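Everything on this sheet refers to the single structure shown next.
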Amino acid sequence: MKSIIVTGAAGLIGKKLVKVLCEAGYAVIVFSRSPDRARRILPFAHDFIKWSGELNISAECIEKINGAYAVIHLAGEPVAKRWSDQQKKEIFESRKNGTAGIVKAISQVSQPPEFFFSASAIGFYGSDGGDTIFTEFSEAGTGFLSNVCVEWEKQALQANEFTRIVIGRIGIVLDPREGALSKMLLPFSLFIGGKIGSGNQWMSWIHPIDIIGFILHALEHEHVKGTYNLVAPGAVTMNRFTEMLSSILHRPSWLHVPDIALNILLGEGSVIATGGQHVLPQRTIETGYRFHYTDCDQALRDLLG
1 MKSIIVTGAA GLIGKKLVKV LCEAGYAVIV FSRSPDRARR ILPFAHDFIK WSGELNISAE
61 CIEKINGAYA VIHLAGEPVA KRWSDQQKKE IFESRKNGTA GIVKAISQVS QPPEFFFSAS
121 AIGFYGSDGG DTIFTEFSEA GTGFLSNVCV EWEKQALQAN EFTRIVIGRI GIVLDPREGA
181 LSKMLLPFSL FIGGKIGSGN QWMSWIHPID IIGFILHALE HEHVKGTYNL VAPGAVTMNR
241 FTEMLSSILH RPSWLHVPDI ALNILLGEGS VIATGGQHVL PQRTIETGYR FHYTDCDQAL
301 RDLLG
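So, in structure tokens, the structure goes:
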């Protein structure tokens, strides 16, 4: 049985991915800062190993990476919080050091994994309030999140010498229980839903089934290598997104949360909600991957139905 190492396995994407990989017959080994908690959440995984997320990786982790079929690295400090200086440091260093540690281990083993997937984010492109369309060939943007993603990807690319690498720039993952969508559902349920910020900012979203689907597609097809935008082809504006939520939930969309209110609540971190970027998955489509959901309304109806 082929083994696959997964970090960030208890997160929004990781939980779903580990389940699918186990069902596909892989022996999933979870690297976690809290192995006991991960075991409770993911009892179907094969093994659970203590992982610090730091540059200096343990001998036990290195032993598990040696001979593994693949490493899927999803871990990173959550960004949806108020960004104090300390929080920004943790966001940056968790991605830089965690990725560098995994890559260092890959470079040291006698049998490196055949495949390495490392998460990144569409924050790579910065925030753009205009009509710019970003593809995988677009330059990095500016700002804190862009700087984080550039460093994150730089560390991951060091593994190129040792294994086939795929970097996934992940967009807004739609999930009714976690993430951005879940935070918008409560006000709508209380009849106080509405747009956030100007409403004109772009939301480059993706259904969870397509995140998992593309990672499996990349795992199983050797021609897939390099950097890919993991977003659906049909980005929408915040105005359109809230209109769809209003229609699906049969609730009014009237309460506008202005930029200034979010700045007070979240500080610099408000850019996650008020900024945006129109991203296309050009290279992702060119690999032959076929999206299950390209229409945001259909995706929301599936998730909320």
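Counting in our numbering, the sequence shown runs from 1 upward without gaps. By construction, the Cβ of each residue, glycine as well, lies at the ideal position given by its N, Cα and C atoms. None of the values given here were measured: they were computed from a predicted structure.
For residue i, the three-state DSSP class (helix, strand or coil)
i, result
"ASP47", "strand"
"TYR125", "helix"
"ASN97", "helix"
"MET203", "strand"
"VAL224", "coil"
"VAL30", "strand"
"PHE241", "helix"
"ALA10", "coil"
"HIS217", "helix"
"GLY168", "strand"
"ALA299", "helix"
"GLY25", "coil"
"ILE57", "coil"
"GLY269", "helix"
"SER246", "helix"
"VAL109", "coil"
"ASN66", "coil"
"ILE192", "coil"
"SER52", "coil"
"ALA180", "helix"
"ALA232", "coil"
"ASN79", "Residue identity check: residue 79 is Val in the sequence provided, not Asn. Of the three classes helix, strand and coil, the one that applies to VAL79 here is coil, per DSSP."
Residue i vs residue j beta-carbon contact at 7 Å
i, j, result
"THR163", "TYR228", "no"
"VAL28", "ALA10", "no"
"CYS149", "TRP205", "no"
"ALA119", "HIS207", "no"
"ILE49", "GLU60", "yes"
"VAL18", "ILE212", "no"
"ILE4", "TYR26", "yes"
For residue i, the nearest candidate out of the options (CA to CA)
i, options, result
"GLY8", "ILE65, SER94, TRP83, LYS64", "SER94"
"VAL279", "PHE124, LEU304, VAL224", "PHE124"
"GLY226", "GLY168, ALA232, PRO233, SER246", "GLY168"
"PRO43", "VAL30, LEU55, GLN298, ALA140", "VAL30"
"MET184", "THR142, LEU249, ARG33", "LEU249"
"SER110", "GLY276, PHE92, ALA68, ALA119", "ALA68"
"PRO233", "LYS81, TYR289, GLY199", "TYR289"
"LYS81", "PRO281, ILE215, GLN277, ALA273", "ALA273"
"GLU139", "PHE188, HIS292, GLN277, THR287", "GLN277"
"GLU151", "LYS89, ILE196, TYR26, ARG301", "LYS89"
"GLY275", "ALA218, SER84, GLY14, THR142", "THR142"
"SER58", "GLU286, SER246, PRO281, ARG33", "ARG33"
"LYS16", "ASP210, MET244, PRO281", "ASP210"
"THR287", "HIS217, TRP202, ASP36", "HIS217"
"THR99", "LEU55, SER107, ASN66", "LEU55"
"LEU230", "LEU181, PHE214, HIS221", "PHE214"
"PHE144", "SER84, ALA159, GLN108", "SER84"
"GLN158", "LYS104, VAL224, ILE91", "LYS104"
"ASN66", "GLU136, GLY101, SER107, PRO35", "SER107"
"PRO35", "CYS22, GLU23, SER52, TYR26", "SER52"
"GLU222", "TRP202, ARG37, PHE116", "PHE116"
"GLY101", "THR242, GLN155, MET203", "GLN155"
"SER182", "GLY197, GLN201, THR242", "THR242"
"PHE137", "GLN282, SER246, ARG301", "GLN282"
"GLY14", "LEU245, LYS96, ASN147, ALA38", "ALA38"
"LEU245", "GLN201, VAL224, HIS292, ASP302", "ASP302"
"SER146", "VAL224, PHE92, THR294", "PHE92"
"VAL271", "THR294, PHE291, GLY126, ASN160", "GLY126"
"ASN263", "CYS22, PHE291, ILE196", "ILE196"
"GLU153", "LYS2, LYS96, ARG40", "LYS96"
Any non-hydrogen atom of the ligand ADP closer than 6 Å to residue i Cβ
i, result
"PHE188", "Of ligands this structure carries none, so the ligand ADP is not represented either."
Whole-number beta carbon distance between residue j and residue i, since they are thought to touch under 8 Å
i, j, result
"ILE122", "ILE165", "So it is not a contact: roughly 19 Å between Cβ atoms."
"ASP71", "PRO113", "The question names Asp, but residue 71 is Val in the sequence shown. Yes, they are in contact, since the Cβ atoms of VAL71 and PRO113 sit about 5 Å apart, within 8 Å."
"GLY328", "THR237", "Nothing in the structure corresponds to residue 328, since the chain is present only between 1 and 305."
"PRO187", "LEU304", "15 Å between Cβ atoms; not a contact."
"GLU220", "LEU12", "That belief does not hold up - the Cβ atoms of GLU220 and LEU12 are roughly 23 Å apart, past 8 Å."
"ALA180", "TRP202", "Their Cβ separation, rounded to whole angstroms, is 13 Å, which puts ALA180 and TRP202 out of contact at 8 Å."
Any 3 or more C-beta pairs closer than 8 Å across the stretch 176 to 194 and the stretch 246 to 263: yes
Assess, as a yes-or-no matter, whether the stretch 128 to 143 is touched by the stretch 74 to 81 under the definition of 3 or more beta carbon pairs within less than 8 Å. no
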